[in-house]
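J.: Below is a structure I'd like to ask you about.
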Amino acid sequence: MTTFLQASLNGLVSGGFYALLAIGLAVIYGMLRVANFAHGAVYMLGAFGAVILYDMFGTPFWAALVVVPVVIAAGGVVVERTLIRRLVPLDPVYNFLLTFGLALIIQDLVRLNYGVVGQPYAKPAALEGRINFGPLEYPTYQFVVLIASIALTCGVWLALNKTKVGMVVRAATERPSLTEAFGVNVNVWMIPVFAFGVALAALAGVMAAPMRSVNSAMGADIVIILFAVIIIGGMGSVLGAVLAAYLVGFLQELAQMYVPAAAGATTFILMAVVLAVRPSGLLGRQEAAR
Amino acid sequence: MSVVIRVSSMPTWGRTVLELRHVSAGYGEATVLHEVSLQVGQGDVVTLIGRNGAGKSTLLRSIMGLHPISSGSIKFLGRDITRLRPHRRARMGLGWVQDDRGIYSSLTVEENLRLPRVIGANAWAEERLFGTFPVLGQRRRQMAGSLSGGEQQMLALARVLRMGADVVLCDEPTEGLAPVIVDQIAEILREVASSGATILLVEQNLRFATTVAHKHFLIAEGHIVDHLDNSDVIARENDLLAHLGI
Amino acid sequence: MNRRKTAVSIAATTALGVSACGGGPTALGDDQAISNGKLTLAVVTDMSGTYSALTGKGSLEAVKMAVDDYQEKYGSDAVAQEIEVLSADHQNEPDIANTKARELFDRQGADAIFDVPSSAAALAVADLAEEFQRIYINVAAGSTDLTGSACNEYTYHWAYDTEMLARGSAATLTQRGEKNWYIVYPDYQFGQDMTAAFTTHIEANGGKVLGTDATPFPNDNFAASMTKALEIKPDVIATMAAGSDLTNFVKQYNEFGLAEAGIELAVGAMFDTDVESIGATQMSGTLYTTDWFWNQDDEAREWADDFKARLDVRPTAVHAGDYSAATQYLEAVQRAGTDDADAVAEELDGHEFEDMFARNARVRSEDHRMIHDSYLTVVKEAKDVQEAFDYTELVETIPADEAFGPPSSSCDLG
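Protein chains in written order, with this note's numbering: chain A, 1 to 290; chain B, 1 to 246; chain C, 1 to 414.
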């Protein structure tokens, strides 16, 4: 039983982590209709940002949590305005080629400077060690990551559903061109939405630095899982992405615990099942015609 | 097909609010609109009649800026809007009712109403809207996707009324609706027209068209091939129905 | 085919005869001794992927250093007066390795290929060595198949293999009383081979494998494995992960408090580059087996200093192995007086030697395995680390005869 609880907690932690990354991917796809394959590279840049700031200025983890996402989001806005923006009206395959190419360029630039070897990054002393929950003992840091991702997820949900900004984002996500016909400059709204999505990925990167290997390829593997997550959740549905993220994290961990051989495949089996039963994903709508 | 006269424009009574000159548009290689020119005057209620694929919706979408045109120009309130993005056109006073009603299913009824910008002095206040459309008032907190087809069409109209647009572009507002509801919609459009707004409708339902509008453009294969008034439409009903393939 | 082979071996014998008579290689004339007038060594390696820090540029540089040292040593007496070193990036894809190696042998006249990380790529190159009858000396791949079912008379295995790692870590630790093991491995060939080899040696020494856990590859989350280990409470948890997966594994081993729970960490295959990326603090106390480390003694350190002067990093055991392989190959050419592959192979077979990499070394003629001493080592305490890459401390030397498995019955080269 303890083991099952521990495995469930593992699942929640990894699900919370996926959720953080998947939200950004989902809002960007929803608003811009851009499948951002560079999302994993942004996550990697976030982790490297923390490492570089520490190496150069001794910046502590807590400051990196704020500085890195802001700086990377600013860079993201430049890329959005100069490159991605131009492709929004075109066939999605151009978006794929551009963002995939960007991901490779970012990855190779990092690799040129840092090689493929992982970079060391220590977690803050306050989050060392483990905390006890009765019979359970869990690494403090990972538990804090879980709490942080739940809090952020709730915050995003509230912002989306209870604010004027959220209303516009939901409208533009559902019917981008119609929303323009109501006098909303969707193009301008894309800037903060894209920046927000990028910042979340960078933040996830900073949070990953102390617990995962910081190397140039770390984003390339995770982006595949993330796309599976937002497909399972329903492309463009933020709530769907969050649900799917926890589901994927949970199933992966349980499978790793009880049927290790199937662990790598669980996500894709889940995706196949969901697509067979609900082609538009768990909470996805049939794509509006316009 | 027996309709023959090719016209480029027709006289209007009021000041011209919308003017299209030689507008062509298409999808990829296929040209759907061929050098269409027309004028709509202040307070006109005009329908575009034509069979499926004749280019009516494309024309309406081109006016709103939702479909790119390949040549020609569009003037609205005397200003060239050919290159303006849809949100700028909306802010100038163009209102839009989409053929699938364009309801945001992830927004509540109230949010659907509040999303569009209020642009004109003759914008309807919420109380007036809920007076005219009581069902929307009752369901204001409900998600709009849960409304029936007729209720969604009400919402689509209410939404554009709240904006206070000078010119309402309305794409097939009666499609797939029960006759009772079609009558209600006709009544609302007449009320809108009586307040001085200009309405450009795409319509296949000739009866409906003649009860709401007083002028009609007949579109075939991307050309405006005829313009009719209500008596013409009634006189040539069988001919037109045959043309529309109904 | 047979006729050609016979002709070649006659030519080789003649050459040997001449050199034995004391005429020296120069008496033969360069065009006879060395095909195309120059000796071509090629390094097929991973220049940018997972293994590029372990192999890559460093492997190429090590072979160049061997060539420089050879030329300095023999000067005008060198059999091979002109030597070129080529390299090819196989991007860790066996099919690319195949294409590149074929091109090197076929069109660029490579006489020998070195390095070749990842077992699948190494096996592909070994097949080509047999097809083209040229030498391939594997250094970077760990599969025992290269000297087992896939062995051939032109392929040599110079450095570590899965059996060596298992003997060093699994056998030695079990003998020291660490009886209960839990093994976590990436679910591909190397991981499976390592787990099988470890299991054999643990059980042969009276230990028990309480459980094994296959993980996806690559993998950044080992929480499930840590949870299971805490439940099973083995004496040792062994991981067969490499590169960034290993980094993730060790970070999580520490986070989940396995060390405090008294579970020791043994790593199947580890190199200094791994310790550098994880940090000595996290790694200290980790046990692993290697066949070389750069500050094991003065001779090694001197070479490592030369290497650092050229590339500004410390060499890995694979880099040192490449140097040794190229050096011994050149020495064999020198003794044979020709670059003819059969003649060189004959010189290599049974050769006993010592160099800065290989101690008490002998090239087994039965299977072309080069046996040498290996070492069970431990990562130093962070406070004992004097400089970057100074991480390794010797626990026990495993003599050459015990360090590797006996010749495989599935390979008979006579």
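All residues carry an ideal CB built from backbone N, CA and C; glycine is no exception. In this text the structure is predicted, and so the values were computed from the model without any measurement.
1) Are C/N98 and C/G49 closer than 9 Å when you measure CB to CB?
2) Give the list of continuous alpha helix (DSSP H) stretches no shorter than 4 residues that lie fully inside the region 151-196 of chain C.
3) From A/L302 to A/N215, what does the alpha carbon distance come to, in whole angstroms?
4) Determine the chain C residues that contact A/D221 at a beta-carbon separation under 9 Å, and present them in chain order.
5) Less than 9 Å between the C-beta atoms of A/V13 and A/F143, yes or no?
6) Would you check if there are 3 or more beta carbon pairs closer than 8 Å linking the region 382-402 of chain C to the region 276-285 of chain C?
7) Are at least three pairs of beta-carbons, each pair with one atom in the region 52-70 of chain A and one in the region 27-34 of chain A, less than 8 Å apart?
8) Let me see if you follow: with CB-CB separation under 9 Å, is C/F132 close to chain A or not?
9) Using beta-carbon positions only, say whether A/L53 and A/V70 come within less than 9 Å of one another.
10) For C/A80 versus C/V333, is the C-beta spacing smaller than 9 Å?
11) Which first and last residues belong to the alpha helix (DSSP H) in which A/S8 is found?
12) By DSSP, does B/M154 sit in helix, in strand, or in coil?
13) Please tell me whether C/G22 has its Cβ less than 9 Å away from any Cβ of chain A.
14) Check whether the region 255-264 of chain C touches the region 138-153 of chain A, taking contact to mean three or more Cβ pairs, one atom from each stretch, closer than 8 Å.
15) When you compare each of B/K215, B/L189 and B/L169 to B/S62 by their alpha carbons, which one comes out closest?
16) Can a CB atom of chain C be found closer than 9 Å to the CB of A/A7?
17) Along the alpha helix (DSSP H) that carries C/Y253, what are the first and last residues, could you check?
18) Taking 9 Å as the CB-CB limit, is A/S213 close to chain C?
19) What does a CB cutoff of less than 6 Å around B/R101 pick up in its chain, not counting 5 residues either side in sequence?
20) Does the separation of the CB atoms of A/G219 and A/L283 fall below 9 Å?
21) Exposed or buried, C/S225, counting other C-beta atoms within 10 Å across all chains shown (16 or more means buried)?
22) Closer than 7 Å, Cβ to any Cβ of chain A: which residues of the region 92-106 of chain B, in chain order?
23) Just checking my contact of C/I137 with C/F114 at CB under 8 Å: how many whole Å lie between their CB atoms?
24) How many angstroms separate the CA atom of B/V192 from the CA atom of B/E127?
25) Please list the partners that A/G234 has in chain B, where partner means a Cβ-to-Cβ separation under 7 Å.
26) Between B/I5 and chain A, is the shortest Cβ-Cβ distance under 9 Å, so that the two count as touching?
27) Do A/A208 and C/D417 have their beta-carbon atoms positioned less than 9 Å apart in this structure?
28) Quick one, which residues of the region 10-29 of chain A are near chain C if we go by CB-CB under 8 Å, in chain order?
29) Whole angstroms are fine: how far does the CA of A/V27 sit from the CA of A/A159?
30) In the DSSP assignment, what residue or residues form a beta bridge with B/W96?
31) Please determine if the region 190-207 of chain C and the region 156-174 of chain C are in contact, where contact requires at least 3 C-beta pairs separated by less than 8 Å.
32) Counting Cβ pairs closer than 8 Å, one from the region 227-241 of chain A and one from the region 76-89 of chain A, do we hit at least three?
33) Between the alpha carbons of B/T68 and B/A25, how many angstroms are there, rounded?
34) Based on DSSP bridge pairs, tell me the residues matched to A/L139.
35) Within this structure, are the beta carbons of A/P135 and A/L5 separated by less than 9 Å?
36) Closest to C/I237 by C-alpha separation, out of C/D339, C/E264 and C/H157, would be which residue?
T.: This is what the structure holds:
1) No; because the gap between Cβ atoms is not below 9 Å, this pair is not in contact.
2) Inside the region 151-196 of chain C, DSSP marks whole alpha helix (DSSP H) runs of 4 or more residues at positions 162-166 and 172-175, from first to last along the chain.
3) Residue 302 of chain A lies beyond the stretch modelled for chain A, which goes from 1 to 290, so this question has no answer here.
4) Near A/D221 (Cβ distances below 9 Å), the residues of chain C are P218, N219 and D220.
5) Yes. Within cutoff.
6) Taking a cut-off of 8 Å for Cβ pairs, the region 382-402 of chain C and the region 276-285 of chain C touch, as three or more such pairs fall below it.
7) Too few Cβ pairs lie closer than 8 Å, so no.
8) Closer than 9 Å: no.
9) No, Cβ-Cβ distance for A/L53 and A/V70 is not below 9 Å.
10) Yes, the pair counts as a contact, with Cβ atoms nearer than the cut-off.
11) A/S8 -> alpha helix (DSSP H) spans T2 to L32.
12) Annotated three-state conformation of B/M154 is helix, per DSSP.
13) Since pLDDT at C/G22 reaches only 39, below the 50 mark, its modelled position is unreliable, and the value read off the structure follows with that caveat. At least 9 Å separates the CB of C/G22 from every CB of chain A.
14) The answer is yes - the region 138-153 of chain A touches the region 255-264 of chain C, with three or more Cβ pairs under 8 Å.
15) Closest option to B/S62, Cα to Cα, is B/L169.
16) Using a CB distance cut-off of 9 Å, A/A7 counts as an interface residue toward chain C.
17) Counting along the chain, the alpha helix (DSSP H) containing C/Y253 begins and ends at G243 to E255.
18) By the rule that beta-carbons nearer than 9 Å mark a contact, A/S213 touches chain C.
19) Close CB contacts of B/R101 within its chain, under the 6 Å cut and outside five residues either way in sequence, are with Q152, Q153 and A156 (chain order).
20) Contact: no.
21) Taking all protein chains shown into account, C/S225 has 16 or more neighbouring C-beta atoms within 10 Å of its C-beta and is therefore buried.
22) Look at the region 92-106 of chain B: the residues with a C-beta under 7 Å from a C-beta of chain A are W96, Q98, D100, G102, Y104, S105 and S106.
23) Contact holds; Cβ gap of about 5 Å.
24) Straight-line spacing of the CA atoms in B/V192 and B/E127 works out to 16 Å.
25) Chain B residues near A/G234: none, gap ~11 Å exceeds 7 Å.
26) Caution applies to B/I5, whose pLDDT of 41 falls short of 50 and renders its modelled position unreliable; the value that the coordinates give is listed next. No, B/I5 lies away from the interface with chain A (no Cβ there is under 9 Å from its Cβ).
27) Because residue 417 of chain C is not part of the residues shown, which for chain C are 1 to 414, the question remains open.
28) Of all residues in the region 10-29 of chain A, N10, V13 and S14 have a Cβ within less than 8 Å of some Cβ in chain C.
29) Those two C-alpha atoms are separated by around 12 Å.
30) Answer is B/L169, bridged to B/W96.
31) With a cut-off of 8 Å, the region 156-174 of chain C and the region 190-207 of chain C count as touching, because enough Cβ pairs lie within range.
32) No, the region 227-241 of chain A does not touch the region 76-89 of chain A.
33) Strictly speaking, residue 68 of chain B in this sequence is Pro, with Thr absent from that position. Cα to Cα, B/P68 sits roughly 7 Å from B/A25.
34) It is Pro, not Leu, that sits at residue 139 of chain A in the sequence shown. According to DSSP, which records beta bridges pairwise, A/P139 is partnered with A/R130.
35) Taking 9 Å as the Cβ cut-off, A/P135 and A/L5 qualify as a contacting pair.
36) Comparing Cα-Cα distances from C/I237 to each of C/D339, C/E264 and C/H157, the minimum goes to C/E264.
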